[in-house]
Amino acid sequence: MLLKRLTEASGPSGHEDEIRQVIYEEVRDHVDRVYTDSLGNLYAEKDGKGTGPKVMLCAHMDECAVMISSVDANGLLQFRHVGGLDDRVLLAKPVLIGEKRIPGVIGSKPPHHQKGTERSKPVSLEQLRIDIGASTREEALQHVQPGDVAVFATTYEEFGANCAKSKSFDDRVGCAVLVEMAKLSFDMPVVLAFTVQEEIGLRGAGPAAYRVQPDIALVLEGTLASDTPGTVVHARATALGQGPALSLVDGSSIHNRKFREHMMKVAEENGIPYQMRNTTAGGNDAGRIHLTREGIISGVVSVPVRYIHAPAQIISLGDYENTVRLTEKFLRSVEQGGFQR
Amino acid sequence: MSEWNIRETMKQLMTASGISGHEAGIADLIKEALAPFTTDVRTDRAGNLIAKVAGEGTPATRPSVLLAAHMDEIGLMVTKIEGGGFLRVTNVGGVDPRTQVAQEVLVHAADGDLLGIVGSKPPHLTSAEERGKAAPLEELFIDLALPDSVVREKVRVGDPVTIRRTPFELQFDRIAGKSLDNRASVASVFECLAELKKLRTEADVYAVFTTQEERGRVGAGPAAYGIQPDIAIAIDVTFGEMPGAPADASFPLGSGPAIFYGANCHRKISQGLTMTAERLNMAYEREIVMGDSGTDAWAMYVQRAGIPTGLVSIPVRYMHSSVETVCYRDIEQTGILLAHYISGIDHAYVEGLSCYLKD
Amino acid sequence: MKEWLLQLAETCGPTGHEDNVREVLRELAAPYADEIRVDVLGNLIATKKGKKGGKRLMLLAHMDEPGLMVNHIEHDGFLRIAPVGVYANLPAGYLISQRVEFPNGTVGVIGSGAVKSPGDVSPLTLFIDIGSASREEAEQKVRIGDFCALKQAAFELGGNKIVGKALDSRASCVVALEVLKRLESPEHDIAVVFSVQQGVSGGRGAKPAAFAVDPDFGLVLDAVQTGDTPGAMRSEIRLGNGPAIKLLDKAVVVQPQIKNFMIQQAQAGQVKHQLEVQPHRTSEAGGIFAHSAGLPVGALSVPIRYSATGSELVDLRDLEAAAELSVRILEQYNLS
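Chains as they are written, first to last, in the working numbering: chain A, 1147 to 1487; chain B, -14 to 344; chain C, 293 to 628.
Take a look at the structure:
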């Protein structure tokens, strides 16, 4: 199952090796060429008939994770963030460290040993430790090194009402959409760009856009869904089950209105539900792409994801399927000359 | 390397001044010191000083390596002349106001440098409460001991200000002074060029002394964009180990260069530098950071379609103060490490940097 | 310039939605430009050919003003908003009771839910009342994703001053227009760029424009807050003392050779001028300086009072001096 393979693969920012290889193996038989650049971005190119505008679809391969920073004398591991993690989601979670996927647990003081006031405060990063079962520094160093990265040990599972949980739907769900597009044929050239290091500053996207020089770019993301208790309606970003979310504004872009209106038209003509991404928070690869060279017309379509940047994320499989459909129909509309810049 | 007395050049550079955006004076000194190594020296549009040392490989395929050491330093800038001839200032780069109090400074006015003292209220007139708080930069002022009219004639808003400090030689090969960030790295580039004279090297080497790093890595991006090297390596300073500094993010003086590992640098370059150090039996440290390294390397890696980047750092204590302290041997070793790494670079190595897939 | 400024100040052009302003500028610039085009992001670029062998110079002024985005429409017709750019950094209370306008002409008033103290006002408590009684009625005029800006009449004050909203940076746009007009047969190729989205992240439109134009030198026109009102934050800038030659802002340190050249031109032309060191604000100068292989850049700022409010104030004599100095700088530019 594609989403299972993609979300369970490991790929912290700067260490996207495993997920890159998985995606490579998914697409290589369906495209005209595949290659990487010096940052580790993966490009899969479909030449089509070679005429028409060049479209770049973009999704980032990297995920938020943690990195081992030092080993205590007692064999416990200190760690730091890779990407934007809230410390509160780290407590009492299992992780898998490094290429060999060494299992570890992020442990904390039991409540029995905590004072009343302590229990109302989050455990700070400095107090958290990963335990791999070693009792001394030497024992720990037999299995891990400072610099090793660790991902959450979440597995993919479908549950609830046509939903799925896993880690890193942000942005393996976007990668999945691109993989699905790889299997189709289009008249115009399509480049599928799987970027690196988005979570630590949108690093891979600018060089990718500079290299590809597309006429049009569409970023596929997993974005925050905040349709959960404790959020006022007008502070909600997106809601599960209401279809792919079209971006308006975020921290890195004020999105192109014509592009969005075209996307809405494509959705309406094909009976695909959609919603607006109502928050201005967050940022994504489009932020770099739209300002590359002389400027590139771009947009973002996202699958809503609950509990983004946390170990157990949830998507609606209906939203995912609708996003795949919308992306395909969008590409068809470009192919048929329906999109005017 | 003693014939070029790079250590003395570094001390000369430390005494001179060049705050971000005002590096021309430093650039002139560097250009002079480059003479034994190359005369192919130019300045680009962002003010970066670019010195090329040609390699011996076939012109069509020989690789190019860019070494980036920023030549600017942090300092102050005059914002206002108060009644009485006292100067108000703002910071250029990350200046801790506490390090400025009671310092002797030089105001670099159009017609020459003026000596000043950073003034503050005498202890007799400060309450205990006030003494418990650090004065922000807005409350500091510079006293030139000149009448108001003379100050207004000689000094202009925008004039740069630096701390007046000549370097001190401490024990055990250590040197203390201002702007070891980043004159230490500039010196290590010279040490590299000196060592390269003893080696055979295919690659063209661009020794680039970048501008305005302290204000956001401004000069390095344009330098790398313009030169388009196959490999770019930034050299900067990192935190020297001392009480209170985090153990995983600080390095003992005298333990050699700190080789960067992390998303900001190309893994094969980090590994290549490490293998070179091991081959030379050189002491070195690993600096592991997952995000922004805080150096020119962050700007260079994402230029154009991506430029493979590495970073080597020299441990310095008391960073961004006027008593920054370094062990000179670390500077020397950094230069030697870079030279030997560079001399091992060929076309095949460079091609391999874009290869990430396994078949 | 006065008529141009009064018209442009009242035109609605929030960040990212500068269409109306661009149309006015396009019409005003057309008689003086050899060519006019709009790029992918919405920058308006007016070019004029210079003498053979000359350089290519770029003059830049941003068209946008701070804006608010509609992110939700209540069932009873009130609009919820998210501030974008400058307004995201100001206390939300500033916006209460402001009149706003959308590019399609819809107008409204900003209100807030009741709070215990003024500091409790936040973007989440604010809303816009456009006089609609239901969501359906509101949706006839406004959609989620639409942006609005302040609505204020512009007027003359005391003979040579203008009060209005968005004078930062419509005043610079007017100066740029005037420069374009005065450069009938310029020495060098001139590209006047009216840019978009300066109000976010220090400027998004400017870099792609600079990439396309690829000039030898860029002169950025913007505005700088004065320090000449009671209790003002420390600043040497005074209204009426001429354009400020920028030395430093949050994103740029102007190179000494450029600073000296500009001061020299001001002195030679006996143009009133002052010097700007503004460490707390950005302009587009930093972004274009560091773009591609680097670009020598200078900047002139029109002194402005009450910046980022509905009643900004400029002195027309400063605009006149800014135009004169800009023309001199562009005509005399001879740095390598």
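All residues carry an ideal CB built from backbone N, CA and C; glycine is no exception.
Less than 6 Å between C-beta atoms, sequence neighbours within five positions excluded: which residues of the same chain meet that for residue i?
i       : result
C:A614  : V467, P535, L592, V594
B:K(-4) : P152
A:S1444 : A1363, A1432, I1435, H1436
C:V413  : A384, G385, S404, V407
A:M1202 : V1337, A1339, V1358, P1360, A1363
A:I1165 : A1155, G1157, M1207
A:K1255 : none
A:L1149 : A1322
A:L1370 : A1383, I1454
Would you kindly work out how many angstroms separate the C-alpha atoms of residue i and residue j, rounded to a whole number?
i        : j       : result
B:N249   : B:V287  : 10 Å
C:L475   : C:N312  : 26 Å
B:L61    : A:G1397 : 32 Å
A:D1294  : B:R83   : 38 Å
B:A18    : C:E568  : 35 Å
A:N1468  : A:F1305 : 18 Å
B:D423   : A:G1160 : An answer regarding residue 423 of chain B cannot be provided, because it is not within the stretch -14 to 344 covered by chain B.
B:G206   : C:G510  : 18 Å
A:C1309  : C:T307  : 38 Å
B:L34    : C:I482  : 29 Å
A:H1401  : C:G519  : 36 Å
C:P410   : A:L1477 : 50 Å
A:Y1302  : A:C1321 : 16 Å
A:G1198  : A:E1481 : 7 Å
A:G1368  : A:M1213 : 23 Å
B:R168   : A:I1346 : 29 Å
B:D81    : B:S306  : 8 Å
C:S477   : C:R329  : 20 Å
A:G1186  : C:E327  : 42 Å
B:L323   : B:S298  : 11 Å
C:E616   : C:F581  : 24 Å
B:M(-14) : B:K182  : With a pLDDT of only 43 at B:M(-14), under 50, the local geometry of the prediction cannot be trusted, and no value is derived from it.
Which whole-angstrom value describes the C-beta separation of residue i and residue j, a residue pair presumed to lie in contact below a C-beta threshold of 8 Å?
i       : j       : result
A:A1413 : A:C1204 : About 20 Å separates the two Cβ atoms, so there is no contact after all.
C:F439  : C:H309  : 5 Å
C:S575  : C:D460  : Not quite, the Cβ-Cβ distance comes to about 10 Å (not below 8 Å), so this is no contact.
B:T142  : B:K65   : The sequence shown places Val at residue 142 of chain B, not Thr. Indeed they touch by this definition, with Cβ atoms about 7 Å apart.
In chain A, what lies closer than 8 Å to residue i by C-beta?
i      : result
B:I273 : M1213, S1215, P1292, G1293
By the criterion of Cβ-Cβ separation under 8 Å, what are the contact partners of residue i in chain B?
i       : result
C:Q562  : Neighbours of C:Q562 on chain B: none; closest Cβ ~18 Å, over 8 Å.
A:R1349 : A248, Y286, V287
C:F553  : None at all; the shortest Cβ gap to chain B is about 14 Å.
Going along the chain, which residues of its own chain have a beta-carbon closer than 7 Å to the beta-carbon of residue i, five neighbours each way excluded?
i       : result
C:R573  : D541, K542
A:D1277 : L1222, G1250, V1251, G1253
A:K1168 : Per the sequence presented here, residue 1168 of chain A reads as Val, with Lys not at that position. Excluding sequence neighbours, A:V1168 sits near R1151, L1152, A1155.
B:A9    : none
B:C340  : none
C:L320  : W296, L469
Just the chain A side, please: which residues come within less than 7 Å of residue i by C-beta, in chain order?
i      : result
C:H354 : Under the 7 Å cutoff, chain A gives no residues; its nearest Cβ is about 14 Å from C:H354.
C:K499 : L1437
C:T574 : What C:T574 touches in chain A: nothing, since even the nearest Cβ is about 16 Å away.
List the residues of chain C whose Cβ lies closer than 7 Å to the Cβ of residue i, in chain order.
i      : result
B:T280 : In chain order: nothing, as chain C lies at least about 15 Å away.
Quick one: list the residues of chain C neighbouring residue i, beta-carbon separation under 8 Å, in chain order.
i     : result
B:D29 : A585, G586
B:H55 : In chain order: nothing, as chain C lies at least about 13 Å away.
Name the chain B residues that come within less than 7 Å of residue i, Cβ to Cβ?
i       : result
C:A591  : Those within 7 Å of C:A591 in chain B number zero; the least Cβ separation is about 13 Å.
A:Q1273 : In chain order: nothing, as chain B lies at least about 15 Å away.
Less than 7 Å between the CB of residue i and some heavy atom of the ligand FMN, yes or no?
i      : result
B:E187 : The ligand content of the structure shown is nil, which means the ligand FMN is not present either.
CB-CB under 8 Å to residue i, same chain, minus the five flanking residues each way: which ones, in chain order?
i     : result
B:D29 : I35, P207, A208, G211
Residue i versus chain C: which residues are under 9 Å apart at the beta carbon?
i    : result
B:H7 : V545, Q547, P548
Is the stretch 183 to 190 of chain B touching the stretch 238 to 254 of chain B in the sense that three or more CB pairs, one from each, lie closer than 8 Å? no
Counting Cβ pairs, one atom from each stretch, are 3 or more of them under 8 Å apart for the stretch 161 to 180 of chain B and the stretch 86 to 96 of chain B? no
Would you call the stretch 272 to 289 of chain B and the stretch 193 to 213 of chain B touching, i.e. three or more CB-CB distances under 8 Å? yes
Would the stretch 1190 to 1197 of chain A and the stretch 1230 to 1241 of chain A be scored as touching if the rule is three or more Cβ pairs under 8 Å? no
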